[in-house]
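Residue numbers (the numbering used here), protein chains in the order written: chain A, 87 to 390; chain B, 87 to 390.
Where a beta carbon is used, it is the ideal one built from N, C-alpha and C, also for glycine.
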């Protein structure tokens, strides 16, 4: 039996089926067979050693956690319910963390009621993990895209910003404290419950913050054909985070959303949200200082 | 705009939606949204430069073809209908074949009525392409796993064997002829129509031949708890292929199946098949010579 097959056996034994009987066939056949719900929601993401993480700062379990958590974050941003994950790992010669990596992934799966239902293990020059995630919804109307922002909508965000970037900077300097910031970077949490609740509350557009608030707000603005005007002072910052980290730091995996103003209360009941500003006519993203002037140099997507 | 985003734009413009309106959202949002059919069938596969192909013998279009074709082959082996593909590419610095790679993939998608519905492009040290494919069926009973082989079933295979391995050997020696063998290696064809037709004809177990007949037959034997006895002389060989290449050469992506003997005619009407032998009690795979003696040294999965 090859090392890949041995690892696949180990992986199988580490996985739990949380589908409630919807998974009819899974690991061990040519493909997984799942009883579908009405609408499937699918995304694929890859993390690569030296690009998205470093084994000098991330344990194999951290890598597995990150790979699955960031993929699931895309489902959160749609307001979908997590379903199955399919995992392909490229393992370099001499890397013996495959089993630990899968255990880190299984921790996220357990926390989000997802099931790792299939995968592939191959050799290659550097550690890379690709995760395709499938979420489900009963109707298309339950889901939220990037393109629904309309002038007058409020712009809100879940959680605190900049913590992952601050944690990354700490790790780069060889520091592991404050633990909260470092964990923000190593163990991001996909906001699945918040995403579904905000979708039910009437969110019009939603995106997860992977590239940083300024850049990701630009994606919403572009897809919606509208502008997003937000206040720098309003950005909810994790302790120890400066305003620029909050505005541009990546990998927070909080949800940025817009919602018609009449649903403000419903959004506040749905999730811990901070209001950042509003959707305006025009295009692009503008961050405003206390005097209502545009802050220069922090805009991820071109204004105008 | 980053090079990755530019490439993603190019990719989007190269893709066609063949879903007949089932794809509600695709590239450009956090996840693709698809109107599901009753049963989803999902597989994920990765090909890596230097392991599964070499850019010295494969053009970027060949790489794209191979990545999608081999993933779809897993759906063929289940008897599923091809649906959507989700593609993640790791591109090394200096590689400028991303667009051509996607065009090669789109050629396969067109030939199989599949739709490339989403993807990810990241940087990394070596070219790697991961494809998650989703196929569909109306009922679980339409599908065929590896575990259904029963003593007395006939064992059959589609197409000709060993051509890909012979083509690979030619390419390794710097030869590009005979073109047919080289193309067998560079441009494998997923047997989707054959897989569905054989499933409808009553196939009891099925697998696609990626690791070679002997090894893949072993997977069926193990999953089914039965033995597969096949005649070396019966193996359908591509011209220029020796018996050992036919028995052990990988990457043919033909379908090996078992079927109750009463469905023999139905299988022959469903696809061009060659009968190799039968399912027997016991475990493992045995290849028999003309005198009915086991051929030694060609058995991919342990007999006994």
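Mind checking which residues open and close the beta strand (DSSP E) that includes residue 341 of chain A?
Secondary structure note for residue 341 of chain A: its beta strand (DSSP E) is the uninterrupted segment 341 to 345.
Who are the Cβ neighbours of residue 229 of chain B in its own chain at under 8 Å, not counting the five residues just before and after it?
When the five nearest sequence neighbours on each side are left out, the beta carbons in the same chain lying within less than 8 Å of the beta carbon of residue 229 of chain B are those of 125, 127, 164, 165, 166, 223 and 285, in order along the chain.
Chain B contacts made by the region 359 to 376 of chain A, where a contact means CB separation under 8 Å
Listed by position along the chain: nothing, the set is empty.
Out of B:380, B:371, B:93 and B:151, state which residue places its alpha-carbon closest to the alpha-carbon of residue 235 of chain B.
Among B:380, B:371, B:93 and B:151, the Cα nearest to that of residue 235 of chain B is on B:371.
Give me the subset of the region 272 to 300 of chain B whose CB atoms are less than 7 Å from a CB atom of chain A, sorted by chain position.
Correct list: 293 and 294.
Would you call the region 292 to 300 of chain A and the region 342 to 361 of chain A touching, i.e. three or more CB-CB distances under 8 Å?
Contact between the region 292 to 300 of chain A and the region 342 to 361 of chain A is present, because at least three Cβ pairs lie under 8 Å.
Just the chain A side, please: which residues come within less than 9 Å of residue 123 of chain B by C-beta, in chain order?
Going along chain A in sequence order, the residues near residue 123 of chain B (Cβ under 9 Å) are 122.
Are the Cβ atoms of residue 158 of chain B and residue 209 of chain B separated by less than 8 Å?
Their beta carbons are not under 8 Å apart, which means residue 158 of chain B does not touch residue 209 of chain B by this criterion.
Pull out every residue of the region 106 to 121 of chain A whose Cβ sits closer than 8 Å to any Cβ of chain B, in chain order.
Answer in chain order: 110, 111, 114, 115, 116, 117, 118, 119, 120 and 121.
Taking the beta carbon of residue 180 of chain A as the centre, do at least 16 other beta carbons fall within 10 Å, making it buried, or is it exposed?
Exposed: under 16 other Cβ atoms inside 10 Å.
Got a sec, what are the start and stop residues for the alpha helix (DSSP H) residue 318 of chain B sits in?
Per DSSP, residue 318 of chain B lies in no alpha helix (DSSP H) and is assigned neither H nor E.
Does the distance from the CB of residue 189 of chain A to the CB of residue 309 of chain A come in under 8 Å?
Cβ distance not < 8 Å, so residue 189 of chain A and residue 309 of chain A don't count as in contact.
Which term fits residue 377 of chain B, buried or exposed, when burial requires 16 or more other beta carbons within 10 angstroms of its beta carbon?
Note on residue 377 of chain B: under 16 other CB atoms within 10 angstroms of its CB, so exposed under the neighbour-count rule.
Cα separation between residue 248 of chain A and residue 321 of chain A?
Whole-angstrom Cα-Cα distance: 10 Å.
Which runs of the alpha helix (DSSP H) at least 4 residues long sit entirely within the region 109 to 164 of chain A? Give them in chain order.
Secondary structure within the region 109 to 164 of chain A: the alpha helix (DSSP H) runs of 4 or more consecutive residues, fully enclosed, are 146 to 164 (chain order).
With DSSP as the reference, identify every bridge partner of residue 94 of chain B, one or two as the case may be.
According to DSSP, residue 94 of chain B bridges with nothing at all.
Against chain A, with Cβ distances strictly below 8 Å, would residue 338 of chain B count as a contact?
So no, residue 338 of chain B is outside the interface.
Within 8 Å of chain B by C-beta, residues of the region 253 to 264 of chain A in sequence order
Taking 8 Å as the cut-off between beta carbons, none of the residues of the region 253 to 264 of chain A comes near chain B.
Residues in its own chain within less than 7 Å of residue 360 of chain A by CB, not counting five upstream and five downstream?
Same-chain partners within the cutoff: 242, 243, 320 and 322.
What are the start and end residues of the alpha helix (DSSP H) that includes residue 188 of chain A?
In the DSSP assignment, residue 188 of chain A falls within the unbroken alpha helix (DSSP H) covering 184 to 198.
Going straight from the alpha carbon of residue 326 of chain B to that of residue 276 of chain B, what length do you get?
Looking at the two C-alpha atoms, the distance is approximately 22 Å.
Contacts that residue 209 of chain A makes with chain B (C-beta to C-beta distance below 8 Å):
Correct list: 134 and 137.
So, is the C-beta of residue 89 of chain A closer than 8 Å to a C-beta in chain B?
Under the 8 Å criterion on CB atoms, residue 89 of chain A is classed as non-interfacial with respect to chain B.
Residue 226 of chain B and residue 220 of chain A closer than 8 Å at C-beta
In terms of Cβ geometry, residue 226 of chain B and residue 220 of chain A do not form a close pair [threshold 8 Å].
Within 10 angstroms of its Cβ, does residue 265 of chain B collect 16 or more other Cβ (buried), or is it exposed?
Exposed is the call here.
Less than 8 Å separating the beta-carbons of residue 199 of chain B and residue 162 of chain B?
Contact: no.
Identify each residue in the region 149 to 172 of chain B for which the Cβ-Cβ distance to at least one residue of chain A is less than 9 Å, and report them in chain order.
Cβ contacts with chain A: 159, 160, 161, 162, 163, 164, 166, 170 and 172.
Beta-bridge pairing of residue 223 of chain A - partner residues as DSSP gives them:
Answer is A:125.
Exposure label - residue 245 of chain B; buried when at least 16 CB within 10 Å:
Answer is buried; the Cβ neighbour count reaches 16.
For residue 36 of chain A and residue 273 of chain A, I'd like the C-alpha separation in whole angstroms.
Here chain A covers residues 87 to 390 and nothing more, so residue 36 of chain A does not appear.
Sequence-distant residues of its chain with Cβ nearer than 6 Å to residue 191 of chain A (five each side left out)
Only 150 and 154 meet the Cβ criterion.
Spell out whether any CB of chain A is found under 8 Å from the CB atom of residue 232 of chain B.
Interface flag for residue 232 of chain B against chain A is set, since a Cβ pair is found closer than 8 Å.
Taking its Cβ as the centre, do 16 or more other Cβ atoms sit within 10 Å of residue 73 of chain A, making it buried, or is it exposed?
Residue 73 of chain A lies beyond the range of chain A shown here (87 to 390); nothing can be said about it.
Mark residue 182 of chain B as exposed unless 16 or more other C-beta atoms lie within 10 angstroms of its C-beta, in which case mark it buried.
Label assigned to residue 182 of chain B: exposed.
Rounded separation between residue 109 of chain B and residue 195 of chain A - CA only
Going by the C-alpha atoms only, they are around 26 Å apart.
Residue-chain proximity (residue 334 of chain A, chain B), Cβ-Cβ < 8 Å:
Between residue 334 of chain A and chain B, the shortest Cβ-Cβ separation is not below 8 Å.
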